[in-house]
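K.L.:
Numbering (my numbering), first residue to last: 3 to 219.
Every residue gets a Cβ at the ideal spot worked out from N, C-alpha and C, and that includes glycine.
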Amino acid sequence: MGKKQRILFVNQEIEPYVVGTPMSVLGSKLPQVAQEQGYETRIFMPKFGVISERRNQLHDVLRLSGLNIMVAGGDHPLNIKVASLSSLRLQVYFIDNEDFFMRRGITHDPLGEPYSDNDARALFFARGVLETVKKLRWIPDIIHCSGWFSSFVPLLLRRNHANDPALNRAKILFSLYEDDGAEMAGENSEKTLQGLKVSEEDAQDIRESTHASLCRM
3 MGKKQRILFV NQEIEPYVVG TPMSVLGSKL PQVAQEQGYE TRIFMPKFGV ISERRNQLHD
63 VLRLSGLNIM VAGGDHPLNI KVASLSSLRL QVYFIDNEDF FMRRGITHDP LGEPYSDNDA
123 RALFFARGVL ETVKKLRWIP DIIHCSGWFS SFVPLLLRRN HANDPALNRA KILFSLYEDD
183 GAEMAGENSE KTLQGLKVSE EDAQDIREST HASLCRM
């Protein structure tokens, strides 16, 4: 019997942690289907402040936590939590950081305004996922990104991890949605872009764009 192919799911939303959106429904359905088809899966999403750790039985994973990730000119500690989708026999890894995710909203504040550091939050999430996958020593064959919050993952894979044997062989899939979180660029986009191997033209797109142009890179 051949080796199982591995799919890494990098999702903005997953039910039951975020409910009521097409993105969150597919976020749980696709890994389930993949597992039933014989694939080995890992699932990541941000640990948004609206997700109850107690109700959803999230647990800290100390052996994967503790790394500092440079984003927007500062070091930010990476915390990893995990929960089980018992009905699906799947585990979900959560990328957490108090500065970026301990908030009442997902991408917008209670007044409906997008968070001014959404770009930095998305970049922290992307870097946190990739560093954790490497720490797990789990090499994916396919990386499926879902939602604009995962937009930096393909960019990092192509520009910053092109020579990384743990990540450079994976095929990348990207699912886009008509969500209301289109405001990607933040107030400190210059700092956020530091360390990304992008051209000045691409950097200008990130500064001025919705997430659509970032997804095209």
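1) To the nearest angstrom, how far is the alpha carbon of Ile-145 from that of Arg-105?
2) Please say whether Ser-30 and Leu-87 have beta carbons closer to each other than 8 Å?
3) Quick check: Tyr-95 and Arg-44, are their CB atoms within less than 8 Å of each other?
4) How would you call Asn-99, buried or exposed, if buried means at least 16 neighbouring beta carbons within 10 angstroms?
5) I'd like the list of long-range same chain contacts for Phe-11, defined as Cβ closer than 6 Å, with 5 residues on each side in sequence excluded.
6) In terms of alpha-carbon separation, which member of Thr-134, Gly-76, Arg-161 and Ile-97 lies closest to Ile-53?
7) Do you know how far the Cα of Asp-111 is from the Cα of Phe-176?
8) Check for me: the alpha helix (DSSP H) holding Arg-44 runs from which residue to which?
9) Looking at the structure shown, is Asp-101 part of a helix, part of a strand, or coil, going by DSSP?
10) Are Gly-130 and Leu-80 touching if we call contact CB-CB under 8 Å?
11) Thinking C-beta only, is Thr-109 closer than 8 Å to Asn-120?
12) Anyone know if the C-beta pair for Gln-14 and Gly-149 falls short of 8 Å?
13) Which two residues bound the contiguous alpha helix (DSSP H) that contains Lys-137?
14) Assuming Ala-172 is part of the alpha helix (DSSP H), what are its boundary residues?
15) Are the beta-carbon atoms of Phe-151 and Ile-71 separated by less than 8 Å?
16) Give the secondary structure of Lys-5 by DSSP, where H, G and I count as helix, E and B as strand, and everything else as coil.
17) Taking the alpha-carbon of Gly-40 as reference, which of Met-47, Ala-74 and Lys-5 has the nearest alpha-carbon?
18) I believe Pro-142 touches Ile-9 by the beta-carbon criterion, under 8 Å. Please report the beta-carbon distance rounded to the nearest angstrom.
19) Using the three-state DSSP reduction, which class does Asn-58 fall into: helix, strand or coil?
20) Going by C-alpha distance, which of Ala-122, Gln-37 and Val-21 is nearest Phe-154?
21) Suppose you measure from the CA of Arg-76 to the CA of Leu-132; what does that come to, to the nearest Å?
P.N.:
To lay it out plainly:
1) In a straight line, the C-alpha of Ile-145 is about 28 Å away from that of Arg-105.
2) Using a Cβ distance threshold of 8 Å, Leu-87 and Ser-30 count as a contacting pair.
3) Cβ distance < 8 Å, so Tyr-95 and Arg-44 count as in contact.
4) Counting the other CB atoms within 10 Å of its CB gives Asn-99 a total of 16 or more, which places it among the buried residues.
5) Within the same chain, Phe-11 has close Cβ partners Pro-33, Ile-45 and His-146.
6) Comparing Cα positions, the closest option is Ile-97.
7) Each residue's alpha carbon lies about 26 Å from the other.
8) Taken as a continuous stretch (DSSP letters only), Arg-44 belongs to no alpha helix (DSSP H), being part of the beta strand (DSSP E) at 42 to 48.
9) Helix at Asp-101.
10) Yes, the pair counts as a contact, with Cβ atoms nearer than the cut-off.
11) Yes, the Cβ-Cβ distance between Asn-120 and Thr-109 is below 8 Å.
12) Against a cut-off of 8 Å, the Cβ pair of Gly-149 and Gln-14 comes out as a contact.
13) Note, Lys-137: alpha helix (DSSP H), 120 to 138.
14) For Ala-172, no alpha helix (DSSP H) run applies, since DSSP gives it neither H nor E.
15) Taking 8 Å as the Cβ cut-off, Phe-151 and Ile-71 do not qualify as a contacting pair.
16) Lys-5: coil per DSSP, three-state reduction.
17) Nearest of Met-47, Ala-74 and Lys-5 to Gly-40, Cα basis: Lys-5.
18) Rounded to the nearest angstrom, the Cβ distance from Pro-142 to Ile-9 is 7 Å, consistent with a contact under 8 Å.
19) Looking at Asn-58 - three-state DSSP - the assignment turns out to be helix.
20) Residue Ala-122 is the option with its Cα nearest to Phe-154.
21) Note on residue identity: the sequence assigns Gly, not Arg, to residue 76. A direct Cα-to-Cα measurement between Gly-76 and Leu-132 gives close to 19 Å.
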